[in-house]
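Chemist: Residues in the sequence shown are numbered from 21 upward in steps of one, following my numbering.
Heads up, the beta-carbon is just placed ideally off N, CA and C, and yes, glycines get one too.
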Amino acid sequence: MRKVLALAAAIAVSGVATATAVRAQSTQTKPAEATKVCTMKVTGMTCSGCEAAVEIAAKQIDGVKDAKASYAKGTAEVTYDSAKTSPDAIAKAIAQKTGYKTEVAK
């Protein structure tokens, strides 16, 4: 009987230890996401079709999560993962894909 109780206690303790270890692994802090937003100055947009072209070009870049262009303001606001791309790389890619002069707004 004592062996059974000792065995049951050992199993219970190891189960608690395993559950605690699993819980500790799942609650470890994850690195902060590297999402950033940059504003681009885009010269040459004249209509909503131009805005759409800039947005589509930006969204095709690996690491870009969202893009919103405004021909009235001459800008594009781009949300991106800084671990995958940079504002300069985004500006260069938009310019190459659309033909609009694109630079990072200061």
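Straight-line CA distance for residue 83 to residue 92?
Modeler: Looking at the two C-alpha atoms, the distance is approximately 26 Å.
Chemist: Got a sec? Which residues, its chain only, sit under 8 Å from residue 108 by beta carbon, not counting five neighbours each side?
Modeler: Here the set comprises 124.
Chemist: In the DSSP assignment, find the beta strand (DSSP E) that holds residue 77 and state where it starts and stops.
Modeler: Careful: residue 77 lies outside any beta strand (DSSP E), inside the alpha helix (DSSP H) at 68-79.
Chemist: With H, G and I counted as helix, E and B as strand and the rest as coil, what does DSSP make of residue 105?
Modeler: Here residue 105 sits in coil by DSSP.
Chemist: Measuring straight from C-alpha to C-alpha, what distance separates residue 81 and residue 74?
Modeler: Approximately 11 Å between the Cα atoms of the pair.
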